[in-house]
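So the structure is just underneath, and the comments pick up after that.
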Amino acid sequence: EIILEVNNLSKTYHNHSFFKQNRRTTYAVDNVSFKLHRGSTLGIVGESGSGKSTLARCIIKLLEIDSGQINFENVDIARLKGKKLKHYSRHIQMVFQDPYASLNPRRKVGDQVTIGPILHGITKQQAIEKAKALFNMVGLESEALNRYPHEFSGGQRQRIGLARALALEPKILIADEPVSALDVSVQAQVLELLTQLRKQLGLTVLFITHDLRVAAQICDHIIVMKSGKIVEQGIASQVFLNP
Ligand code: ADP
Ligand code: ADP
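The sequence shown begins at 66 in our numbering and counts up one residue at a time.
Quick look at the structure:
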C-alpha cells in the first residue's frame, strides 16, 4: 500500500546577485517522482547539494514547490494551506541533523515535546504523560523533561528530537541526516533506536543521508539523487553493490 506518492516534483532557487551576470537558477529538485510504501523505510541518498533536504522540506511543506504533486494517503497536499494543511501536516514529522538547531535553548525540553500535541488539542496533563512514555521509549529518563537542551549530549538531543516528532503520532517520519553529526558509536545506537521504533510503532520512514552504508543498514529501498534528479533506485543491497 502506497502512503506517499510524489509526482514530477520540481523546486528551483533563484539566486539574486548584485551582479546581473551572476544571477542563476538552481534546479534543486528536478522532476522527482517516487512512491513510499506504508511501513517501509526508504532511503534518499546523494552527495551534498544533490537536493535531498530540499525534497524533504517540500514534502513537509516548509518550502513551496514550483510544480508537481505530493499525494499523502491519496490527497494532494502540495497546495493545501491553513487548517486543511494543519490536519495533514501532523502526520508527516521530521527530525533534523542537529536537533540543537531546532530546540529552543531557553525552554525546558519537556515544554518543547508537549507543545505540538497541546496545539493539536490534547490536555497538558495528557501531553506530559505522553512525553514521559516517549522519553522512556527513546531511552531517556522522564526526569530529563525538566532539563534544558544544553544539558544533553548530541545523541541524547537526537533522541529528544525523535520524541518530539513522535509525540504527534506521525504516519511518516522524515529523518534528515539524523546521525551525521554524531560519533560513530553513537550513530549505531541512534540507528538501532530508529529500527526498533519503526518495528514497535509500524512507522513509515523517509531516511535522508549522504552515506550509502548507513542507508543500506536501515533502508529497504534506496533512491539515489544527483543534481536534483533520481539517478538510481532499487532495493538497498543492490544499490549498495553498484555504487
Ligand atoms: P511499483 O511496482 O509500484 O512501480 P517499483 O517498481 O518502484 O514499484 O518497485 C519494485 C519493488 O520494490 C516492488 O516490490 C515494491 O514493493 C518495492 N518498493 C518500491 N518502492 C519501495 C519503497 N519505497 N519501500 C519499499 N519497497 C519498495
Ligand atoms: P542536499 O540536502 O542534498 O545537500 P540541498 O537540497 O541542500 O541538497 O541543496 C540542493 C541545491 O540547492 C544545492 O545546489 C544548494 O546549493 C541549493 N540550495 C539549497 N538551499 C538553497 C537556498 N535556500 N537558496 C538557494 N540555493 C539553495
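Beta carbons: idealized from backbone N, C-alpha and C, even for Gly.
Rounded C-alpha distance that separates residue i from residue j
{"i": "L128", "j": "Q190", "result": "33 Å"}
{"i": "L205", "j": "H81", "result": "45 Å"}
{"i": "T77", "j": "V97", "result": "12 Å"}
{"i": "G226", "j": "R89", "result": "35 Å"}
{"i": "S229", "j": "M202", "result": "According to the sequence provided, residue 229 is Arg. The question's Ser does not apply to it. R229 and M202: Cα-Cα distance of roughly 12 Å."}
{"i": "F137", "j": "P235", "result": "12 Å"}
{"i": "Q254", "j": "F217", "result": "16 Å"}
{"i": "Q86", "j": "L120", "result": "28 Å"}
{"i": "E257", "j": "F83", "result": "48 Å"}
{"i": "P214", "j": "L268", "result": "26 Å"}
{"i": "S113", "j": "G147", "result": "32 Å"}
{"i": "S75", "j": "K195", "result": "38 Å"}
{"i": "Q298", "j": "H286", "result": "7 Å"}
{"i": "L231", "j": "A198", "result": "11 Å"}
{"i": "Y92", "j": "K126", "result": "18 Å"}
{"i": "L277", "j": "P182", "result": "34 Å"}
{"i": "A301", "j": "A281", "result": "5 Å"}
{"i": "L101", "j": "L184", "result": "28 Å"}
{"i": "P308", "j": "S245", "result": "Summary for P308: the model assigns pLDDT 48, below 50, so the residue's position carries little reliability; its value from the coordinates is reported in the next sentence. Whole-angstrom Cα-Cα distance: 20 Å."}
{"i": "G219", "j": "A166", "result": "11 Å"}
{"i": "I187", "j": "L233", "result": "10 Å"}
{"i": "V304", "j": "H275", "result": "14 Å"}
{"i": "E242", "j": "V279", "result": "10 Å"}
{"i": "R155", "j": "K149", "result": "11 Å"}
{"i": "Y153", "j": "R171", "result": "29 Å"}
{"i": "E66", "j": "N139", "result": "11 Å"}
Inter-residue CB distance, residue i and residue j (contact presumed, cutoff 8 Å)
{"i": "I288", "j": "I109", "result": "5 Å"}
{"i": "G133", "j": "M290", "result": "In fact, because the Cβ distance is near 15 Å, the residues do not count as touching under 8 Å."}
{"i": "I193", "j": "T179", "result": "6 Å"}
{"i": "L259", "j": "I239", "result": "Actually they are not in contact, since the Cβ atoms of L259 and I239 sit about 12 Å apart, beyond 8 Å."}
{"i": "N211", "j": "K264", "result": "Their Cβ separation, rounded to whole angstroms, is 30 Å, which puts N211 and K264 out of contact at 8 Å."}
{"i": "R103", "j": "I68", "result": "4 Å"}
{"i": "V94", "j": "C123", "result": "6 Å"}
{"i": "K117", "j": "I295", "result": "Going by Cβ atoms, the distance from K117 to I295 rounds to 11 Å, so no, they are not a contact pair."}
Candidates the options, of which the one nearest residue i by Cα
{"i": "V251", "options": "R222, A240, G175", "result": "R222"}
{"i": "S248", "options": "Q162, T269, L231", "result": "According to the sequence shown, residue 248 is Asp rather than Ser. Nearest C-alpha to D248: Q162."}
{"i": "D131", "options": "T106, F84, N72, A281", "result": "N72"}
{"i": "E70", "options": "V304, H275, G299, L271", "result": "L271"}
{"i": "S292", "options": "S105, Y153, F99, S115", "result": "S115"}
{"i": "L262", "options": "R155, E208, S207, T106", "result": "T106"}
{"i": "E208", "options": "L145, D176, R144", "result": "D176"}
{"i": "L168", "options": "R224, S154, H152", "result": "R224"}
Residue i Cβ short of 6 Å to ligand 4 heavy atom set
{"i": "Q303", "result": "For ligand 4, the structure offers nothing, since it holds only ligand 1 and ligand 2."}
Open item on the list: Please give the ranges of any alpha helix (DSSP H) in the segment 212-245, keeping only runs that are unbroken, at least 4 residues long and fully inside the region.
Closed with: 219-231
Task: Continuous beta strand (DSSP E) assignments of at least 3 residues falling wholly in the segment 148-175 - done: 157-160
Task: Inside the segment 74-127 only - alpha helix (DSSP H) runs reaching at least 4 residues - done: 117-124
Task: Segments of 3+ residues assigned as beta strand (DSSP E) that fall wholly inside the segment 240-276 - done: 269-274
Open item on the list: Strictly closer than 6 Å from CB to any heavy atom of ligand 2: give me those residues in the order they appear in the chain.
Closed with: Y78, N80, T91, A93, G111, S113, G114, S115, G116, K117, S118, T119
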